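Undergrad: Chains as they are written, first to last, in my numbering: chain A, 1 to 231; chain B, 232 to 345. Backbone N, C-alpha and C fix where the C-beta goes; we use that ideal spot for every residue, glycine too. Keep in mind it's a predicted model, so treat the numbers as computed, not measured.
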């Protein structure tokens with residue numbers, strides 16, 4: 001894998017009020033994978049708890065939205081940062097600790113080898129996902145398919161990797177949770193190569209509370225519908 | 232007699248609303264297009280209140296039962312349109328706020344003073 005040596009990756013961790021877990025999430029992320037350099041950027045999305053304090057304490061690289069703008073906005077800022085600092089690939093990883101960094105090599109490999117532009121870590125194939133979550137995930141994927149024409153087993157997954165090409169072409173214009181589906185829409189529109197890789201999901205009481213619920217899903221559906229009407 | 236009282240109240244309200252629109256326009260808080268729109272809305276409203284037969288006439292032409300119904304249908308259509316416009320405006324504003332938050336976050340700053 002000699003050709004991989006010169007690639008620089010940025011791991012974007014969106015965080016909103018994650019003071020309890022953000023330190024352990026950041027510390028678990030390796031600085032180097034498959035000989036590739038990894039930088040971490042936490043996008044502190046206007047947290048009103050001690051997230052910024054914790055990040056400062058552990059010396060993490062982070063930037064702060066002055067006010068909370070939502071998941072999509074935070075990821076969009078991560079993309080902008082990656083463009084400014086000229087990264088070769090970008091990883092998104094949730095700030096609530098539900099993603100296992102040991103999955104990183106599998107996710108990054110297709111990008112590093114130039115075989116994909118957008119890799120999604122899907123949770124559905126592995127055990128450990130609560131039943132209601134499974135049904136929601138399926139419905140969300142169905143909705144994503146209807147709106148974007150891309151079938152994926154886990155459209156709402158927050159563990160993704162984007163190639164340099166994807167970084168240069170994807171501009172996040174939605175602010176909230178609908179960003180997950182929007183990535184697929186844009187990937188399809190820009191003819192990027194999408195690949196799914198199965199990952200472990202760590203479901204704790206904490207991450208379940210922070211994640212999406214039925215109400216949220218309906219909200220996303222409404223947003224997607226309106227978006228479709230306006231476009 | 233009651234009908235006339237209602238007509239007067241409605242007409243006075245329309246004039247009041249017109250004056251507000253005009254003042255906003257004078258303060259340049261309303262674009263000329265928006266002013267013309269509101270001006271038309273209130274003038275049409277006033278005319279219809281003062282000469283209800285006009286609405287009845289329109290109703291007969293478009294094939295709707297009563298004059299009042301025409302006014303109600305038209306009002307709903309206008310309201311829908313306005314809600315849509317407001318929705319778009321809010322979306323735009325939201326995007327601008329996000330862009331601003333992003334620019335502030337990305338602004339280079341001294342290393343030890345995050």
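#1: Taking 9 Å as the cut-off, decide whether the C-beta atoms of residue 158(A) and residue 77(A) are in contact.
#2: In its own chain, which residues sit with a C-beta less than 6 Å from the C-beta of residue 174(A), not counting the 5 before and 5 after it?
#3: Count the CB pairs spanning the segment 20–28 of chain A and the segment 95–109 of chain A that are closer than 8 Å, and state whether there are at least three.
#4: Just checking: is the beta-carbon of residue 1(A) within a distance shorter than 9 Å of some beta-carbon in chain B?
#5: Report all residues from its chain with a CB closer than 7 Å to the CB of residue 186(A); omit the five preceding and five following residues, and keep chain order.
#6: Could you tell me the alpha carbon to alpha carbon distance between residue 2(A) and residue 113(A), rounded to whole angstroms?
#7: Pull out every residue of the segment 20–41 of chain A whose Cβ sits closer than 7 Å to any Cβ of chain B, in chain order.
#8: Starting from the Cα of residue 90(A), find the closest Cα among 21(A), 35(A), 164(A) and give me that residue.
#9: Going by DSSP in three states, residue 9(A) sits in which element: helix, strand or coil?
#10: Based on the DSSP secondary-structure assignment, which residues constitute the bridge partners of residue 44(A)?
#11: What separation, rounded to the nearest whole angstrom, lies between the Cα atoms of residue 343(B) and residue 65(A)?
#12: Which residue's Cα is closest to the Cα of residue 60(A): 83(A), 96(A), 22(A)?
#13: Under 9 Å between C-beta atoms, does residue 64(A) make it to chain B?
#14: Which residue marks the beginning of the alpha helix (DSSP H) containing residue 153(A), and which one marks its end?
#15: Give me the residue from 178(A), 225(A), 120(A) with the minimum Cα distance to residue 195(A).
#16: Between the beta-carbon of residue 193(A) and the beta-carbon of residue 79(A), is there less than 9 Å?
#17: For residue 80(A), go through chain B and note every residue whose CB falls closer than 8 Å to its CB, in chain order.
#18: Given this structure, state the Cα-to-Cα distance separating residue 7(A) from residue 143(A), to the nearest angstrom.
#19: Which residues in chain C have a C-beta closer than 8 Å to the C-beta of residue 260(B)? List them in chain order.
#20: Note down, one range per segment and in chain order, each beta strand (DSSP E) of at least 3 residues found wholly within the segment 105–149 of chain A.
#21: Relative to the C-alpha of residue 200(A), which residue among 106(A), 152(A), 40(A), 46(A) is closest?
#22: Out of curiosity, what's the CA-to-CA distance linking residue 16(A) and residue 83(A)?
#23: Check whether chain B comes within 9 Å of residue 175(A), counting only Cβ atoms and requiring the distance to be less than that.
#24: Please list the terminal residues of the continuous alpha helix (DSSP H) segment that includes residue 320(B).
#25: Does residue 217(A) come out as helix, strand or coil in the three-state DSSP assignment?
#26: State the Cα-Cα distance for the pair residue 19(A) and residue 224(A), rounded to the nearest angstrom.
#27: Along chain B, in chain order, which residues have C-beta atoms closer than 8 Å to that of residue 73(A)?
#28: List the residues of chain B that residue 225(A) touches, going by C-beta distances under 8 Å, in chain order.
#29: What are the residues that DSSP puts in a beta bridge with residue 163(A)?
#30: Examine chain A for any beta-carbon lying closer than 9 Å to the beta-carbon of residue 253(B), and answer yes or no.
#31: Taking residue 300(B) and residue 290(B) to be in contact with their CB atoms under 8 Å, please state how far apart those CB atoms are, rounded to whole angstroms.
#32: Going by beta-carbon coordinates alone, are residue 67(A) and residue 40(A) separated by less than 9 Å?
TA: In this structure, then:
#1: Contact check for residue 158(A) against residue 77(A) fails: the beta carbons are separated by 9 Å or more.
#2: Excluding positions up to five away in sequence, the list reads 72, 182.
#3: Taking 8 Å as the limit for Cβ pairs, the verdict is that the segment 95–109 of chain A does touch the segment 20–28 of chain A.
#4: Residue confidence is low: residue 1(A) scores 47 on pLDDT, short of 50, so the model does not pin down where it sits. Its coordinate-derived value is still stated next. So, not an interface residue.
#5: If you ignore the 5 residues before and after residue 186(A), its C-beta comes within less than 7 Å of the C-beta of 170, all in its own chain and listed in chain order.
#6: Legend: pLDDT at residue 2(A) = 48, less than 50; position of this residue unreliable, value from coordinates given subsequently. Spanning the two alpha carbons is a distance of roughly 11 Å.
#7: Correct list: empty, as no residue qualifies.
#8: Closest option to residue 90(A), judged by alpha-carbon separation, among 21(A), 35(A), 164(A): 164(A).
#9: DSSP places residue 9(A) in strand when its eight states are reduced to three.
#10: For residue 44(A), which the question treats as bridged, DSSP gives the partners 15(A), 64(A).
#11: Residue confidence for residue 343(B) is low, a pLDDT of 49 falling below 50, so the modelled location carries little weight and cannot support an answer.
#12: Just measuring C-alpha positions, the residue of 83(A), 96(A), 22(A) sitting nearest residue 60(A) is 22(A).
#13: So, interface residue.
#14: Residue 153(A) -> no alpha helix (DSSP H), and no H or E assigned at all.
#15: Residue 120(A) is the option with its Cα nearest to residue 195(A).
#16: Cβ distance not < 9 Å, so residue 193(A) and residue 79(A) don't count as in contact.
#17: By Cβ distance, chain B contributes 333, 337.
#18: In this structure, the CA atom of residue 7(A) is about 35 Å from the CA atom of residue 143(A).
#19: Absent from the structure is chain C; the protein chains it does hold are A and B.
#20: Considered as a whole, the segment 105–149 of chain A harbours 118–122 as its complete beta strand (DSSP E) runs of no fewer than 3 residues, in chain order.
#21: Selection 106(A), 152(A), 40(A), 46(A) evaluated against residue 200(A) yields 106(A) as nearest (Cα-Cα).
#22: Going by the C-alpha atoms only, they are around 23 Å apart.
#23: True, the Cβ-Cβ gap to chain B drops below 9 Å.
#24: It spans 298–337 - the alpha helix (DSSP H) in which residue 320(B) sits, taken as one unbroken run.
#25: Correct three-state label for residue 217(A): helix.
#26: The straight-line gap from Cα to Cα measures roughly 31 Å.
#27: Residues of chain B whose Cβ lies closer than 8 Å to the Cβ of residue 73(A) are, in chain order, 329, 332, 333.
#28: Going along chain B, no residue has its Cβ under 8 Å from residue 225(A), so there is no contact; the nearest lies around 12 Å.
#29: Bridge partners of residue 163(A): 89(A).
#30: No - not a single Cβ of chain A is within 9 Å of the one on residue 253(B).
#31: Taking C-beta atoms under 8 Å as the contact rule, residue 300(B) and residue 290(B) qualify, at a distance of about 6 Å.
#32: The Cβ atoms of residue 67(A) and residue 40(A) do not sit closer than 9 Å to each other.
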